[in-house]
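All residue numbers for the sequence shown refer to full-length UniProt numbering, where the first residue is 1 and numbers rise by one.
C-beta: ideal position from N, C-alpha, C; glycine also.
Quick caveat, the model's predicted, so the values are computed rather than measured.
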Amino acid sequence: MADERRRYGEASDDDLLRWSGMGDRDAFDQIVLRHGPYALRTACRLTRNVEAAEDLVQDAFVRAWSHARDFDGSRARFTTWLYRVIVNLSIDLARRKQPEPLPEGFDMTDDGPSAESRLDAIQEHQALVTALQAVPPRQRAAMALVYDEGLSGAEAARRMGLSAKAVERLLARGRALLRETLGRDGRTEGGQSS
(Lines of atoms letter the chains of each structure in order from A; the text may use other names.)
(Lines give C-alpha, C1' and ligand atoms only; values in the text may rest on other atoms or scores of the structure.)
Protein backbone atom coordinates (compact mmCIF):
# COMPACT_ATOMS: atom_id res chain seq x y z
CA MET A 1 0.00 0.00 0.00
CA ALA A 2 2.79 2.44 0.89
CA ASP A 3 4.60 1.54 -2.36
CA GLU A 4 1.48 2.45 -4.35
CA ARG A 5 1.17 5.80 -2.56
CA ARG A 6 4.82 6.51 -3.35
CA ARG A 7 4.14 5.59 -6.95
CA TYR A 8 1.23 8.03 -7.10
CA GLY A 9 3.26 10.81 -5.53
CA GLU A 10 6.13 10.30 -7.96
CA ALA A 11 4.00 9.64 -11.05
CA SER A 12 3.58 12.15 -13.85
CA ASP A 13 0.23 13.79 -14.49
CA ASP A 14 -0.05 11.76 -17.69
CA ASP A 15 0.37 8.47 -15.79
CA LEU A 16 -2.07 9.54 -13.09
CA LEU A 17 -4.66 10.48 -15.71
CA ARG A 18 -4.14 7.22 -17.58
CA TRP A 19 -4.67 5.28 -14.34
CA SER A 20 -7.67 7.48 -13.50
CA GLY A 21 -9.12 6.68 -16.91
CA MET A 22 -8.96 3.02 -15.91
CA GLY A 23 -10.98 3.79 -12.78
CA ASP A 24 -8.14 4.23 -10.26
CA ARG A 25 -9.61 6.69 -7.73
CA ASP A 26 -6.37 6.90 -5.74
CA ALA A 27 -4.57 8.16 -8.85
CA PHE A 28 -7.24 10.78 -9.36
CA ASP A 29 -7.06 11.77 -5.68
CA GLN A 30 -3.37 12.52 -6.29
CA ILE A 31 -4.32 14.73 -9.28
CA VAL A 32 -6.76 16.66 -7.07
CA LEU A 33 -4.20 17.02 -4.27
CA ARG A 34 -1.54 18.16 -6.71
CA HIS A 35 -3.63 20.66 -8.69
CA GLY A 36 -6.55 21.58 -6.42
CA PRO A 37 -4.92 24.65 -4.83
CA TYR A 38 -3.92 26.06 -8.24
CA ALA A 39 -7.42 25.40 -9.59
CA LEU A 40 -9.07 27.15 -6.64
CA ARG A 41 -6.77 30.21 -6.86
CA THR A 42 -7.48 30.48 -10.57
CA ALA A 43 -11.24 30.12 -10.11
CA CYS A 44 -11.26 32.69 -7.28
CA ARG A 45 -9.48 35.21 -9.49
CA LEU A 46 -11.97 34.66 -12.29
CA THR A 47 -15.18 34.61 -10.25
CA ARG A 48 -14.19 36.92 -7.36
CA ASN A 49 -16.42 34.69 -5.20
CA VAL A 50 -15.09 31.83 -3.05
CA GLU A 51 -18.28 29.74 -3.06
CA ALA A 52 -18.69 30.06 -6.82
CA ALA A 53 -15.00 29.22 -7.27
CA GLU A 54 -15.31 26.09 -5.12
CA ASP A 55 -18.32 24.91 -7.15
CA LEU A 56 -16.50 25.68 -10.38
CA VAL A 57 -13.40 23.72 -9.30
CA GLN A 58 -15.55 20.77 -8.29
CA ASP A 59 -17.21 20.82 -11.73
CA ALA A 60 -13.79 21.07 -13.40
CA PHE A 61 -12.48 18.02 -11.55
CA VAL A 62 -15.68 16.08 -12.30
CA ARG A 63 -15.01 16.80 -15.98
CA ALA A 64 -11.39 15.76 -15.54
CA TRP A 65 -12.49 12.45 -13.99
CA SER A 66 -15.08 11.90 -16.74
CA HIS A 67 -12.60 12.63 -19.52
CA ALA A 68 -9.43 11.19 -17.98
CA ARG A 69 -9.53 8.27 -20.41
CA ASP A 70 -9.56 10.69 -23.37
CA PHE A 71 -6.82 13.03 -22.13
CA ASP A 72 -3.89 13.28 -24.57
CA GLY A 73 -0.80 14.60 -22.83
CA SER A 74 0.96 15.12 -26.16
CA ARG A 75 -1.55 17.85 -27.12
CA ALA A 76 -1.43 19.88 -23.89
CA ARG A 77 -0.25 19.67 -20.31
CA PHE A 78 -2.92 18.79 -17.77
CA THR A 79 -2.61 22.20 -16.08
CA THR A 80 -3.25 23.94 -19.40
CA TRP A 81 -6.29 21.75 -20.05
CA LEU A 82 -7.58 22.27 -16.49
CA TYR A 83 -7.11 26.05 -16.79
CA ARG A 84 -9.13 26.11 -20.02
CA VAL A 85 -11.92 24.09 -18.40
CA ILE A 86 -12.00 26.53 -15.46
CA VAL A 87 -12.05 29.55 -17.79
CA ASN A 88 -14.86 28.02 -19.87
CA LEU A 89 -16.89 27.21 -16.77
CA SER A 90 -16.40 30.76 -15.47
CA ILE A 91 -17.58 32.13 -18.82
CA ASP A 92 -20.68 29.93 -18.58
CA LEU A 93 -21.26 31.13 -15.01
CA ALA A 94 -20.88 34.78 -16.03
CA ARG A 95 -23.42 34.32 -18.82
CA ARG A 96 -25.97 32.81 -16.42
CA LYS A 97 -25.38 35.17 -13.52
CA GLN A 98 -26.60 38.71 -13.15
CA PRO A 99 -24.21 41.12 -11.44
CA GLU A 100 -24.72 41.24 -7.68
CA PRO A 101 -24.82 44.60 -5.90
CA LEU A 102 -21.72 45.40 -3.89
CA PRO A 103 -21.96 45.51 -0.09
CA GLU A 104 -22.57 48.83 1.62
CA GLY A 105 -19.59 50.90 2.81
CA PHE A 106 -17.85 50.10 6.07
CA ASP A 107 -18.57 51.87 9.37
CA MET A 108 -16.00 54.66 9.42
CA THR A 109 -16.03 55.89 13.01
CA ASP A 110 -12.35 55.38 13.84
CA ASP A 111 -9.60 57.99 14.16
CA GLY A 112 -7.89 56.93 10.93
CA PRO A 113 -8.17 58.77 7.64
CA SER A 114 -11.10 61.11 7.29
CA ALA A 115 -14.49 59.65 6.52
CA GLU A 116 -14.49 61.45 3.20
CA SER A 117 -11.15 60.01 2.08
CA ARG A 118 -12.15 56.50 3.18
CA LEU A 119 -15.47 56.84 1.37
CA ASP A 120 -13.59 57.98 -1.74
CA ALA A 121 -11.31 54.93 -1.48
CA ILE A 122 -14.28 52.58 -1.06
CA GLN A 123 -16.07 54.16 -4.02
CA GLU A 124 -12.94 53.88 -6.16
CA HIS A 125 -12.56 50.23 -5.16
CA GLN A 126 -16.24 49.54 -5.91
CA ALA A 127 -15.90 51.28 -9.27
CA LEU A 128 -12.91 49.09 -10.10
CA VAL A 129 -14.69 45.88 -9.01
CA THR A 130 -17.77 46.87 -11.04
CA ALA A 131 -15.59 47.72 -14.05
CA LEU A 132 -13.81 44.36 -13.78
CA GLN A 133 -17.19 42.59 -13.80
CA ALA A 134 -17.88 44.26 -17.15
CA VAL A 135 -14.67 42.86 -18.66
CA PRO A 136 -15.39 39.66 -20.62
CA PRO A 137 -14.11 36.51 -18.86
CA ARG A 138 -11.32 35.71 -21.37
CA GLN A 139 -9.94 39.23 -21.05
CA ARG A 140 -10.33 39.07 -17.26
CA ALA A 141 -8.52 35.71 -17.26
CA ALA A 142 -5.58 37.16 -19.22
CA MET A 143 -5.47 40.16 -16.88
CA ALA A 144 -5.55 37.91 -13.80
CA LEU A 145 -2.64 35.82 -15.07
CA VAL A 146 -0.47 38.79 -16.02
CA TYR A 147 -1.38 41.35 -13.36
CA ASP A 148 -2.44 39.20 -10.38
CA GLU A 149 -0.13 36.20 -10.81
CA GLY A 150 2.72 38.17 -12.39
CA LEU A 151 3.15 35.84 -15.36
CA SER A 152 4.78 37.03 -18.56
CA GLY A 153 2.61 37.40 -21.63
CA ALA A 154 4.22 34.28 -23.12
CA GLU A 155 3.51 32.18 -20.01
CA ALA A 156 -0.07 33.47 -19.83
CA ALA A 157 -0.45 32.55 -23.50
CA ARG A 158 0.75 28.99 -22.80
CA ARG A 159 -1.65 28.65 -19.85
CA MET A 160 -4.57 29.90 -21.92
CA GLY A 161 -3.61 27.89 -25.01
CA LEU A 162 -3.31 31.06 -27.10
CA SER A 163 -0.60 32.90 -28.98
CA ALA A 164 1.30 35.69 -27.23
CA LYS A 165 -0.24 38.19 -29.69
CA ALA A 166 -3.75 36.98 -28.79
CA VAL A 167 -3.02 37.52 -25.09
CA GLU A 168 -1.62 41.00 -25.85
CA ARG A 169 -4.87 41.83 -27.67
CA LEU A 170 -6.97 40.50 -24.77
CA LEU A 171 -4.96 42.62 -22.33
CA ALA A 172 -5.23 45.73 -24.51
CA ARG A 173 -9.00 45.31 -24.94
CA GLY A 174 -9.43 44.65 -21.22
CA ARG A 175 -7.43 47.74 -20.26
CA ALA A 176 -9.32 49.86 -22.81
CA LEU A 177 -12.66 48.63 -21.46
CA LEU A 178 -11.55 49.39 -17.89
CA ARG A 179 -10.44 52.90 -18.89
CA GLU A 180 -13.72 53.50 -20.71
CA THR A 181 -15.85 52.12 -17.88
CA LEU A 182 -13.94 53.94 -15.14
CA GLY A 183 -13.95 57.17 -17.12
CA ARG A 184 -17.69 56.90 -17.58
CA ASP A 185 -18.69 55.48 -14.16
CA GLY A 186 -15.75 56.06 -11.84
CA ARG A 187 -14.93 59.22 -9.93
CA THR A 188 -17.36 61.45 -11.84
CA GLU A 189 -20.37 59.62 -10.42
CA GLY A 190 -18.62 58.91 -7.11
CA GLY A 191 -19.20 62.48 -6.03
CA GLN A 192 -15.77 63.90 -6.87
CA SER A 193 -16.33 65.84 -10.08
CA SER A 194 -20.09 66.41 -10.15
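Alpha helix (DSSP H) segment containing glutamate 51, residue limits: Within the sequence shown, numbered from 1, the residue matching residue 51 stands at position 51. Element bounds for glutamate 51: 50-66.
So what's phenylalanine 71 in DSSP terms, helix, strand or just coil? Position 71 of the sequence shown, counted from the first residue, corresponds to residue 71. Phenylalanine 71: coil per DSSP, three-state reduction.
Take every Cβ of the segment 58-77, pair it with every Cβ of the segment 119-135, and state whether three or more of those distances are shorter than 8 Å. no
Three-state secondary structure (DSSP) of valine 135: Looking up residue 135 in the sequence shown gives position 135. Looking at valine 135 - three-state DSSP - the assignment turns out to be coil, as it is neither helix nor strand.
Check whether the Cβ atoms of threonine 80 and glycine 21 lie closer than 8 Å to each other. Start at 1 with the first residue of the sequence shown, and residue 80 comes out as number 80. Start at 1 with the first residue of the sequence shown, and residue 21 comes out as number 21. Cβ distance not < 8 Å, so threonine 80 and glycine 21 don't count as in contact.
Where does methionine 108 fall in DSSP's three states? As a first step, residue 108 is located in the sequence shown; it is residue number 108 there, counting from the start. With a pLDDT of only 41 at methionine 108, under 50, the local geometry of the prediction cannot be trusted, and no value is derived from it.
For valine 62, which of Thr130, Pro137, Val32 has the nearest alpha-carbon? Taking the sequence shown and counting its residues from 1, the one referred to as residue 62 is at position 62. With distances taken between Cα atoms, valine 62 lies closest to Val32.
Just the C-alpha distance for residue 217 and leucine 145, rounded to the nearest angstrom, thanks. Absent from the model: residue 217. The displayed extent of the chain is 1 to 194, so no value can be given.
Nearest to alanine 66 (by Cα), restricted to the options Leu171, Gly23, Glu10, Arg169: Here residue 66 refers to the residue found at position 66 when the sequence shown is read from its first residue. Inspection of the sequence shows that residue 66 is occupied by serine rather than by alanine. Taking only the C-alpha atoms, the option nearest serine 66 is Gly23.
Buried versus exposed call for glutamate 180 [16 or more other C-beta atoms within 10 Å across all chains shown]: Here residue 180 refers to the residue found at position 180 when the sequence shown is read from its first residue. That one is exposed.
Rounded Cβ spacing between alanine 127 and leucine 46 (contact assumed at less than 8 Å): Numbered from its first residue, the sequence shown carries residue 127 at position 127. Numbered from its first residue, the sequence shown carries residue 46 at position 46. About 20 Å separates the two Cβ atoms, so there is no contact after all.
Would glycine 174 and valine 135 qualify as a contact pair, given that the criterion is a beta-carbon distance under 8 Å? Here residue 174 refers to the residue found at position 174 of the sequence shown. Here residue 135 refers to the residue found at position 135 of the sequence shown. It is a contact, given that the beta carbons lie within the stated cut-off.
In this structure, how does DSSP classify aspartate 26 when only helix, strand and coil are distinguished? If you number the sequence shown from 1, residue 26 lands on position 26. Aspartate 26 falls in the helix class under three-state DSSP.
Compute the beta-carbon to beta-carbon distance between alanine 68 and leucine 151, rounded to the nearest angstrom, for a pair I have assumed lies under 8 Å. Numbered from its first residue, the sequence shown carries residue 68 at position 68. Numbered from its first residue, the sequence shown carries residue 151 at position 151. That belief does not hold up - the Cβ atoms of alanine 68 and leucine 151 are roughly 27 Å apart, past 8 Å.
So, helix, strand or coil for leucine 151, using DSSP? Walking along the sequence shown from the start, residue 151 turns up at place 151. Three-state result, leucine 151: coil.
Spatial neighbours of proline 137 in its chain, beta-carbon cut-off 8 Å, leaving aside the 5 residues before and after: The residue given as residue 137 occupies position 137 in the sequence shown. Around proline 137: Leu46, Val87, Ser90, Ile91, Ala94.
Please state whether DSSP places lysine 97 in a helix, a strand or coil. Within the sequence shown, numbered from 1, the residue matching residue 97 stands at position 97. Note: lysine 97 maps to coil in three-state DSSP.
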